[in-house]
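Engineer: Heads up, the sequence shown is in the numbering used here, so the first residue is 5 and it goes up one at a time. Here's a structure for you.
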Amino acid sequence: YRNQSPLMSFGASFVSFLNAMMTFEEEKMQLACDDLKATEKLCESEEAGVIETIKNKIKKNVDGRKSTLSMIDRLQRQIIIADCQVYLAVLSFVKQELSAYIKGGWILRKAWKIYNKCYTDINTLQEIYQKKTTQESLTSDAANDNHIAAEGVTEDSLNRLKGAVSFGYGLFHLCISMVPPNLLKIINLLGFPGDRLQGLSSLMYASESKDMKAPLATLALLWYHTVVRPFFALDGSDNKAGLKEAKEILEKKESAYPNSSLFMFFKGRIQRLECQINSALTSFHTALELATDQREIQHVCLYEIGWCSMIEMNFKDAFESFERLKNESRWSQCYYAYLTAVCQGATGDVNGAQNVFKEVQKLFKRKNNQIEQFSVKK
């Protein structure tokens with residue numbers, strides 16, 4: 005049904021996008037682009053806002069049955085279009101070319117405008133319902149209420165749609181709020197806001213909703229609290245900030261996803277930040293076993309296993325993890341070769357380490373990558 009249903013088409017395109025991001029293979033990335041563009045084309049419709057559409061139809065006395073599809077479907081399709089544009093922008097950024105960055109930025113701006121418009125429209129419709137329940141609406145509001153009821157829009161459908169738009173809306177706010185201050189002013193001038201609290205609030209709403217992207221919103225929150233906050237030192241030297249929120253999210257969702265490699269990975273991240281290294285290693289190994297057919301998830305688990313093993317002075321296990329990453333991962337083989345050589349030398353195999361160190365220079369490809377520059381200098 006992907007050629008008839010926007011939701012089915014978006015689901016299929018999203019799977020293609022995930023496959024592309026997990027493998028970084030050129031063929032799969034091109035397939036994902038084609039699928040996302042096809043979904044976007046299927047969802048294209050009039051760009052008039054929902055509230056304006058209601059008012060126009062009240063004036064024209066259009067039959068309510070004809071507008072039922074327009075009301076719900078317009079919001080859903082616009083949100084899907086924005087989601088597709090975000091994923092297309094991500095695929096452009098992966099190419100790491102100046103023209104791709106410019107194109108991706110332009111696509112993101114279009115997506116943000118749609119998210120912002122849909123979010124505002126849905127909030128306005130929800131306010132109408134709240135006024136209706138408290139019996140404080142004016143005569144004009146009552147007319148809107150009757151028309152909305154005639155169109156078959158329910159509070160549940162609005163809540164689901166708000167959950168759908170809140171994922172992209174919140175992710176925009178959260179990511180832009182973490183841009184360095186010297187770039188933030190420029191980005192704000194281009195029309196991108198960056199309210200971190202608004203972003204977290206929207207993602208939390210999305211994670212509790214019935215929308216298909218609710219699990220993704222949950223993972224985004226866990227990623228922020230367990231990876232982003234300590235990595236970027238958003239709370240200064242307090243590495244344990246955010247662990248309380250992460251634990252609460254895991255406790256709520258763990259029963260729903262008992263065999264999820266990603267949730268087990270984030271559990272290991274929490275344990276590592278709490279300095280429970282042995283427990284963290286157990287969680288990461290469990291996540292590695294659960295991610296049998298998910299190579300990229302295996303790689304993030306191996307990365308954590310390597311560093312936790314180094315903390316425990318277990319250089320043999322660390323060497324095995326980093327060596328596998330050097331051979332399998334497409335991300336910075338230069339850096340993984342350096343870590344492999346360090347651990348190999350620490351195990352006593354000096355000759356083997358020297359040979360791997362020689363590979364570091366050969367694998368150095370991205371001059372603008374600070375990690376690779378560090379590896380080569382060392």
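Backbone N, C-alpha and C fix where the C-beta goes; we use that ideal spot for every residue, glycine too. Given the structure is predicted, the values throughout are model-derived calculations rather than measurements.
Can you tell me the Cα-Cα spacing of S96 and Q34, whole angstroms?
Structural biologist: In the sequence shown, counting from the first residue as 1, residue 96 sits at position 92. In the sequence shown, counting from the first residue as 1, residue 34 sits at position 30. Their Cα atoms are separated by approximately 10 angstroms.
Engineer: Under a Cβ-count criterion, where at least 16 other Cβ atoms within 10 Å of its own Cβ denotes burial, should Q365 be classed as buried or exposed?
Structural biologist: By 1-based counting over the sequence shown, the position of residue 365 is 361. It is exposed - the Cβ of Q365 has fewer than 16 other Cβ atoms within 10 Å.
Engineer: Could you tell me how far apart the beta carbons of I274 and E316 are, in whole angstroms, since I believe they sit closer than 8 angstroms?
Structural biologist: The residue labelled residue 274 in the question sits at position 270 within the sequence shown. The residue labelled residue 316 in the question sits at position 312 within the sequence shown. The Cβ separation is near 18 angstroms, so there is no contact.
Engineer: What separation, rounded to the nearest whole angstrom, lies between the Cα atoms of K41 and F196?
Structural biologist: Counted from its first residue, the sequence shown places residue 41 at position 37. Counted from its first residue, the sequence shown places residue 196 at position 192. Rounded to whole angstroms, K41 to F196 spans 24 angstroms at the Cα level.
Engineer: For G167 versus Y123, is the C-beta spacing smaller than 8 angstroms?
Structural biologist: Position 163 of the sequence shown, counted from the start, is the residue given in the question as residue 167. Position 119 of the sequence shown, counted from the start, is the residue given in the question as residue 123. No, they are not a contact pair.
Engineer: For the segment 247-256 and the segment 300-307, state whether three or more C-beta atom pairs, one from each stretch, are separated by less than 8 angstroms.
Structural biologist: no
Engineer: Relative to the alpha-carbon of F267, which residue among K244, A221, G108 and G310 has its alpha-carbon at the smallest distance?
Structural biologist: Here residue 267 is taken as the residue at index 263 of the sequence shown, counted from 1. The shortest Cα separation from F267 among K244, A221, G108 and G310 belongs to A221.
Engineer: Could you check whether F361 and C338 sit closer than 8 angstroms to each other, using their CB atoms as the reference points?
Structural biologist: As a first step, residue 338 is located in the sequence shown; it is residue number 334 there, counting from the start. As a first step, residue 361 is located in the sequence shown; it is residue number 357 there, counting from the start. Taking 8 angstroms as the Cβ cut-off, C338 and F361 do not qualify as a contacting pair.
Engineer: Measuring CA to CA, which of S283, S333 and T296 is closest to Y307?
Structural biologist: Counting from one through the sequence shown, the residue named residue 307 turns up at place 303. Considering only alpha carbons, the answer is S333.
Engineer: Would you decide whether E50 is buried or exposed? Buried here means 16 or more other CB atoms lie within 10 Å of its CB.
Structural biologist: For this step, residue 50 is matched to residue 46 along the sequence shown. Its pLDDT being 47, under 50, E50 is placed unreliably by the model, and nothing is read from it.
Engineer: I'd like the list of long-range same chain contacts for E56, defined as Cβ closer than 8 angstroms, with 5 residues on each side in sequence excluded.
Structural biologist: Working through the sequence shown from its first residue, we reach residue 56 at position 52. Confidence at E56 is low in this model, with a pLDDT of 46, below 50, so its placement is unreliable and no value can be given for it.
Engineer: Once you ignore the five residues that flank F270 on each side, which residues in its own chain have a CB closer than 6 angstroms to its CB?
Structural biologist: As a position in the sequence shown, residue 270 is number 266, starting the count at 1. Only residues of its own chain outside the window of five on either side were considered, and among them L226 and T230 have a CB closer than 6 angstroms to the CB of F270, listed in chain order.
Engineer: Looking at the secondary structure, which residues open and close the alpha helix (DSSP H) in which K244 lies?
Structural biologist: Numbered from 1 along the sequence shown, position 240 holds the residue referred to as residue 244. Element bounds for K244: n/a, residue is neither H nor E.
Engineer: Tell me the rounded alpha-carbon separation between L207 and A345.
Structural biologist: Numbered from 1 along the sequence shown, position 203 holds the residue referred to as residue 207. Numbered from 1 along the sequence shown, position 341 holds the residue referred to as residue 345. Those two C-alpha atoms are separated by around 41 angstroms.
Engineer: Using DSSP with H/G/I as helix, E/B as strand and the rest coil, what is W110?
Structural biologist: Numbered from its first residue, the sequence shown carries residue 110 at position 106. Three-state result, W110: helix.
Engineer: Can you find the residues in the same chain that come closer than 6 angstroms, C-beta to C-beta, to A295, ignoring five residues on each side of it along the sequence?
Structural biologist: As a working note, residue 295 is residue 291 in the sequence shown. So the qualifying residues of the chain are S265, I301 and Q302.
Engineer: Taking DSSP as the reference, what is the three-state secondary structure of R78?
Structural biologist: Locating residue 78 in the sequence shown gives position 74, where the first residue counts as 1. If DSSP states are grouped into helix, strand and coil, R78 belongs with the helices.
Engineer: Specify the secondary structure class of V183 as computed by DSSP and reduced to three states.
Structural biologist: The residue labelled residue 183 in the question sits at position 179 within the sequence shown. Residue state, collapsed to three classes: coil.
Engineer: Using the Cα positions of L73 and S17, report the straight-line distance between them to the nearest angstrom.
Structural biologist: For the purposes of this step, residue 73 is identified with residue 69 of the sequence shown, where counting begins at 1. For the purposes of this step, residue 17 is identified with residue 13 of the sequence shown, where counting begins at 1. Any reading at L73 must be qualified, since the residue scores a pLDDT of 49, below 50, and its modelled position is unreliable; the value itself is stated next. Going from the Cα of L73 to the Cα of S17 covers about 23 angstroms.
Engineer: Taking the C-alpha atoms as reference points, what is the distance between M25 and L92?
Structural biologist: The residue you call residue 25 lines up with position 21 of the sequence shown. The residue you call residue 92 lines up with position 88 of the sequence shown. Near 11 angstroms, if we compare the C-alpha coordinates of L92 and M25.
Engineer: What number of angstroms, rounded off, separates the C-alpha of S205 from the C-alpha of L178?
Structural biologist: Translated into positions along the sequence shown, residue 205 becomes position 201. Translated into positions along the sequence shown, residue 178 becomes position 174. Each residue's alpha carbon lies about 10 angstroms from the other.
Engineer: What span of residues does the alpha helix (DSSP H) with W4 cover, start to end?
Structural biologist: No answer is possible for residue 4: the residues shown for the chain start at 5 and end at 382.
Engineer: What are the uninterrupted segments assigned as alpha helix (DSSP H) that are 4 or more residues long and contained completely in the segment 159-229, given in chain order?
Structural biologist: 159-181, 185-193, 200-212 and 218-227
Engineer: Where does F368 sit, in a helix, a strand or coil, going by DSSP?
Structural biologist: Residue mapping note: residue 368 aligns to position 364 of the sequence shown, counting from 1. The answer is coil: DSSP assigns F368 none of H, G, I, E or B.
Engineer: Starting from G352, trace the alpha helix (DSSP H) in both directions and tell me its first and last residue.
Structural biologist: Residue mapping note: residue 352 aligns to position 348 of the sequence shown, counting from 1. Per DSSP, G352 belongs to no alpha helix (DSSP H) and is neither H nor E.
Engineer: Could you check how far apart the C-beta atoms of S213 and N263 are, in whole angstroms? I think they sit under 8 angstroms.
Structural biologist: In the sequence shown, counting from the first residue as 1, residue 213 sits at position 209. In the sequence shown, counting from the first residue as 1, residue 263 sits at position 259. Contact flag wrong, Cβ pair sits at about 23 angstroms.
Engineer: What is the residue span of the alpha helix (DSSP H) that S264 lies within?
Structural biologist: Translated into positions along the sequence shown, residue 264 becomes position 260. Taken as a continuous stretch (DSSP letters only), S264 belongs to no alpha helix (DSSP H), as it is neither H nor E.
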